[in-house]
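Q: To start, I am sharing the structure in question, which I have written as structure tokens.
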Amino acid sequence: MRNIFTFCLDCADIDSIKKGLEYYPLHEFSMNPSIVKRDLAGKNISFFDAVNEIRGVIGDEVRFHVQTVGDTADEIIRDAEAIRSRVKGDLLHVKVDAYEEGYKAMKYLKANGFKVTATAIASITQALVAIECGADTVAVYVGRLDNISGNGIEVVRGIRQVMNAHNIDDVELSAASIRTAHQVEQAALAGADQVAVGLDILKACANHPLTDLSVKQFVSDWESLYGEGKRVYNL
């Protein structure tokens, strides 16, 4: 059973990934076609070269969610097979959209040893169907739901309640399409195991203006006593 809340960096830009790893506790990484377009457009690098460069930076023992693009079950399966054969590392999850063709593909993929992340989920029932198809992770699109006057956090909360009621403790519940630090907070309170965020949102979660003011005040008070540039190590 999972007992840790995880930040997943939603990114395909290698420099942002390196910076995220330098500063923050990151144990999962993910991307989707829109993120790939945003981060790789105009760069002279192939998709699989970029993905394997990321894998080389994050390591082989980190969960890495890479999305299929096909819009039929057969194409999704072929995408997944290509991803598994060409991307390094054991903890590789293929992301599959939660709709009819996707469910068909999920069943096949699970029967053939794939780790599957069901994504673009917008309802409790979609998550339940995906779980029954064998999904290892179910990812709710919180921000996109909120954009159309839905309530993504309540969907996360509802899925958690159903999972708890039926003792489903081997599926990761992800809150994805996160747009604000407040959504991260609410997702954690609603029972998400993981939030998929961009580096900007992770920074917003990790920092606060009041903390910045406190740091400046501590340094100012210390230097007024011991001299400019003085720290504990050079007294």
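Residues 1 to 235 in UniProt numbering are what the sequence shown spells out, letter by letter.
Where a beta carbon is used, it is the ideal one built from N, C-alpha and C, also for glycine.
Computed from a prediction, not measured in an experiment: that's the story for all the values here.
Anyone know if the C-beta pair for Asp136 and Glu101 falls short of 8 Å?
A: Taking the first residue of the sequence shown as 1, we reach residue 136 at position 136. Taking the first residue of the sequence shown as 1, we reach residue 101 at position 101. With contacts defined by Cβ atoms closer than 8 Å, Asp136 and Glu101 do not form a contacting pair.
Q: Identify, in the order they occur along the chain, each residue of the same chain with its Cβ nearer than 6 Å to the Cβ of Gln183, setting aside the five sequence neighbours on each side.
A: Taking the first residue of the sequence shown as position 1, residue 183 is located at position 183. Within the same chain, Gln183 has close Cβ partners Val142.
Q: Counting pairs of Cβ atoms below 8 Å between the stretch 184 to 197 and the stretch 2 to 13, do you hit three or more?
A: With the rule of 3 Cβ pairs closer than 8 Å, the stretch 184 to 197 counts as touching the stretch 2 to 13.
Q: Which term fits Val138, buried or exposed, when burial requires 16 or more other beta carbons within 10 angstroms of its beta carbon?
A: The residue given as residue 138 occupies position 138 in the sequence shown. Classification for Val138: buried.
Q: Less than 8 Å between the beta carbons of Thr119 and Lys95, yes or no?
A: To locate residue 119, count along the sequence shown from 1; it is residue 119. To locate residue 95, count along the sequence shown from 1; it is residue 95. Yes, these two residues count as a Cβ contact at 8 Å.
Q: Quick one: what's got a C-beta closer than 6 Å to Ala130's C-beta in the same chain, skipping five residues either side?
A: Translated into the one-based positions of the sequence shown, residue 130 becomes position 130. Excluding residues within five positions, the ones whose Cβ falls inside 6 Å are Ala98, Ala118 and Val138.
Q: Please classify Glu28: is it buried, with 16 or more other beta-carbons within 10 angstroms of its beta-carbon, or exposed?
A: Walking along the sequence shown from the start, residue 28 turns up at place 28. Buried is the call here.
Q: Mind checking Asn32: buried by the 16 CB within 10 Å criterion, or exposed?
A: Locating residue 32 in the sequence shown gives position 32, counting from the first residue. By the neighbour-count rule (16 or more Cβ atoms within 10 Å), Asn32 is buried.
Q: Could you check if Leu189 is buried or exposed, using at least 16 other CB atoms within 10 Å of its CB as the buried criterion?
A: If you number the sequence shown from 1, residue 189 lands on position 189. Leu189 sits exposed, since fewer than 16 C-beta atoms from the chains shown fall within 10 Å of its C-beta.
Q: Cα-Cα, which of Asp90, Arg63, Asp13 and Phe114 is closest to Ala80?
A: In the sequence shown, the residue the question calls residue 80 occupies position 80. Nearest of Asp90, Arg63, Asp13 and Phe114 to Ala80, Cα basis: Phe114.
Q: Along the chain, which unbroken stretches of the alpha helix (DSSP H) at least 4 residues long are found entirely within the stretch 18 to 48?
A: 33 to 40
Q: Among all the DSSP beta bridges, which residues are the ones paired with Lys110?
A: Along the sequence shown, read from residue 1 onward, the residue named residue 110 stands at position 110. Paired residue(s): none; Lys110 is not in a bridge.
Q: May I have the straight-line CA-CA distance separating Pro209 from Tyr103, to the nearest angstrom?
A: Here residue 209 refers to the residue found at position 209 of the sequence shown. Here residue 103 refers to the residue found at position 103 of the sequence shown. Rounded to the nearest angstrom, the two C-alpha atoms are 45 Å apart.
Q: Using only the alpha-carbon positions, how far apart do Ile76 and Ala111 sit?
A: Your numbering for residue 76 matches position 76 in the sequence shown. Your numbering for residue 111 matches position 111 in the sequence shown. Each residue's Cα considered, the two are about 15 Å apart.
Q: With a Cβ-Cβ cutoff of 8 Å, do Leu128 and Val162 count as a contact?
A: By one-based count along the sequence shown, residue 128 stands at place 128. By one-based count along the sequence shown, residue 162 stands at place 162. Against a cut-off of 8 Å, the Cβ pair of Val162 and Leu128 comes out as a contact.
Q: What residues in its chain sit with their C-beta under 7 Å from that of Leu26, if we drop five residues either side in the sequence?
A: Locating residue 26 in the sequence shown gives position 26, where the first residue counts as 1. Excluding residues within five positions, the ones whose Cβ falls inside 7 Å are Phe7, Leu9 and Gly20.
Q: First and last residue of the beta strand (DSSP E) that includes Ala139?
A: For the purposes of this step, residue 139 is identified with residue 139 of the sequence shown, where counting begins at 1. Where Ala139 is concerned, the enclosing beta strand (DSSP E) stretches over Thr137 to Tyr141.
Q: At the level of alpha carbons, what is the spacing between Ala122 and His166?
A: One-based indexing of the sequence shown puts residue 122 at position 122. One-based indexing of the sequence shown puts residue 166 at position 166. Approximately 20 Å between the Cα atoms of the pair.
Q: For Ser30 and Val232, what's the separation of their Cα atoms in angstroms?
A: For the purposes of this step, residue 30 is taken as residue 30 along the sequence shown, with counting starting at 1. For the purposes of this step, residue 232 is taken as residue 232 along the sequence shown, with counting starting at 1. Approximately 40 Å between the Cα atoms of the pair.
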